[in-house]
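Residue numbers (the numbering used here): 99 to 432. Where is the CB? At the ideal position from N, CA and C, for every residue including glycine. Since the structure is predicted, the reported quantities are computational estimates derived from the model, not experimental observations. Structure first, commentary second.
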Ligand SMILES: [Zn+2]
């Protein structure tokens, strides 16, 4: 491995910390646009890890996780190279939007091309300047608008190295999920790069538990990769792997009340919510089709028939899964 790390044409020697601004297409107002990238190189050679957030421009928890990560005193003892991109979709973030100004989804635009749409160009730049220079990736997401995800890692668990990293992260739930065409994860997987997706919370909101769990998870992964010195963790979360996940959809349209909470343990046959017409004359119960834990939930009290209300994860060992979720701690651990 070369001793030099080059990004945006700049050589970054060991023992340095730099903010690189990668040039992006300007706005049509003539305002210049850049992709801010933080690069931290330790004094010793080691793994190269990239961490990205807000590939969907309205998913903010990851941006805050990276802001806090960059302030960690432990980074003074870093081995290897950390490349952190707190806002990948800088265009979407301005408008509180998941998408690019041309309404494309950046996470369906990989690998992109230097001469394609604005989404394709941003995807391609990210691939060339960030992904191609790293050994491992961590991409931070949240649920969509009005939808919360319980802190969870999604990854290809059939790959042993990826499974180890996913377990080391210490989110309560780990899901073996297929990649989608055009996603960063699919693109990284094609290159043989282990990549974890951390999903936690809701779009356009900060959630303290999700932010703390994410920050702690990143530090756990970095310790596992020997990028940071090991510490004794007081009460590590023992993650459980979901056997399957399924969406529970509204069987009718109406006002949704008495909704089970995110993270709740559900038994088959339990009433998860009520759907009624606005006059309260017709009431329909939403019944759990199996045992499980609510790992995703719509926060809107309104649903059309077919709308997804809950994402229910099923687990081989339900008591173990419940206790992993209960161990999520909203209090600071410093
Ligand atoms: Zn996302």
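Buried or exposed: residue 197, going by 16 or more other Cβ atoms within 10 Å of its Cβ? With at least 16 other beta carbons inside 10 angstroms of its own, residue 197 counts as buried.
Would you please state the rounded distance, in angstroms, between the beta carbons of residue 107 and residue 146? I believe it to be under 8 Å. Actually they do not touch by this definition, with Cβ atoms about 18 Å apart.
For residue 175, the nearest candidate out of 164, 341, 140, 309 (CA to CA): Of 164, 341, 140, 309, the residue nearest in Cα terms is 140.
DSSP state of residue 351, grouped into three classes? coil
Which residues bound the beta strand (DSSP E) around residue 165? No beta strand (DSSP E) contains residue 165, which is instead part of the alpha helix (DSSP H) from 159-167.
Burial state of residue 418 (16 or more Cβ within 10 Å): exposed
C-alpha distance - residue 284 paired with residue 193, whole-angstrom precision: If you take the alpha carbons of residue 284 and residue 193, they lie about 27 Å apart.
In this structure, does DSSP put residue 112 in helix, strand or coil? coil
Boundaries of the beta strand (DSSP E) in which residue 209 is found, first to last residue: Careful: residue 209 lies outside any beta strand (DSSP E) and carries neither H nor E.
Quick one: is the Cβ of residue 300 within less than 7 Å of any heavy atom of ligand 1? Residue 300: no, Cβ never under 7 Å from ligand 1.
If you draw a straight line from the C-alpha of residue 266 to the C-alpha of residue 296, how long is it? 13 Å
For residue 197, which beta-bridge partners are listed by DSSP? Answer is none; residue 197 lacks a bridge partner.
Flag this pair as yes or no: are the beta carbons of residue 152 and residue 187 separated by less than 8 Å? yes
If you reduce the DSSP assignment to three classes, tell me which class residue 413 lands in. coil
Helix, strand or coil at residue 329 according to DSSP, with G and I counted as helix: coil
What do you get for residue 293, buried or exposed, if any count of 16 or more other CB atoms within 10 angstroms of its CB means buried? buried
Tell me, which residues are paired with residue 119 by DSSP? 134
Quick one: does the C-beta of residue 153 sit closer than 7 Å to a heavy atom of ligand 1? Between ligand 1 and the CB of residue 153, the shortest heavy atom gap is smaller than 7 Å.
So which of 289, 212, 334, 380 has the shortest CA-CA distance to residue 269? Considering only alpha carbons, the answer is 334.
When you compare the CB of residue 337 with every CB in chain D, is at least one pair closer than 8 Å? This model lacks chain D altogether; it includes just one protein chain.
Neighbourhood of residue 200 by C-beta distance below 7 Å, restricted to the same chain and skipping five residues each side: 215, 216, 217
Going by DSSP, what residues sit across from residue 296 in a beta bridge? Note: residue 296 sits in a beta bridge opposite 238, 251.
Would you call residue 109 buried or exposed, if buried means 16 or more other Cβ atoms sit within 10 Å of its Cβ? exposed
How many whole angstroms separate the CB atoms of residue 210 and residue 222, which I take to be in contact at a CB cut-off of 8 Å? 4 Å
Those residues which DSSP pairs with residue 323 across a bridge: None; residue 323 has no bridge partner.
For residue 135, which residues in the same chain have their Cβ closer than 8 Å to its Cβ, ignoring the five residues on either side in sequence? 105, 106, 117, 118, 119, 120, 181, 182, 183, 227, 228
Measuring straight from C-alpha to C-alpha, what distance separates residue 394 and residue 323? Note on geometry: alpha-carbon atoms of residue 394 and residue 323 lie some 30 Å from one another.
Okay, do the region 367-385 and the region 349-359 touch, 3+ Cβ pairs below 8 Å being the bar? yes
Inter-residue spacing [alpha-carbon to alpha-carbon] between residue 430 and residue 310: Since pLDDT at residue 430 reaches only 43, below the 50 mark, its modelled position is unreliable, and no value is offered.
Distance check for residue 380 and residue 290, CA to CA, integer angstroms please. Answer to the nearest angstrom: the Cα atoms are 53 Å apart.
Alpha carbon to alpha carbon, how far is residue 420 from residue 366? 15 Å
Determine, using beta carbons only, whether residue 281 and residue 224 come nearer to each other than 8 Å. no
Of the residues 398, 385, 111, 414, which one's Cα is nearest the Cα of residue 242? 398
When you measure from the CB of residue 205 to every non-hydrogen atom of ligand 1, does any distance come out below 7 Å? yes
Can you pull the DSSP bridge partners for residue 274? 253
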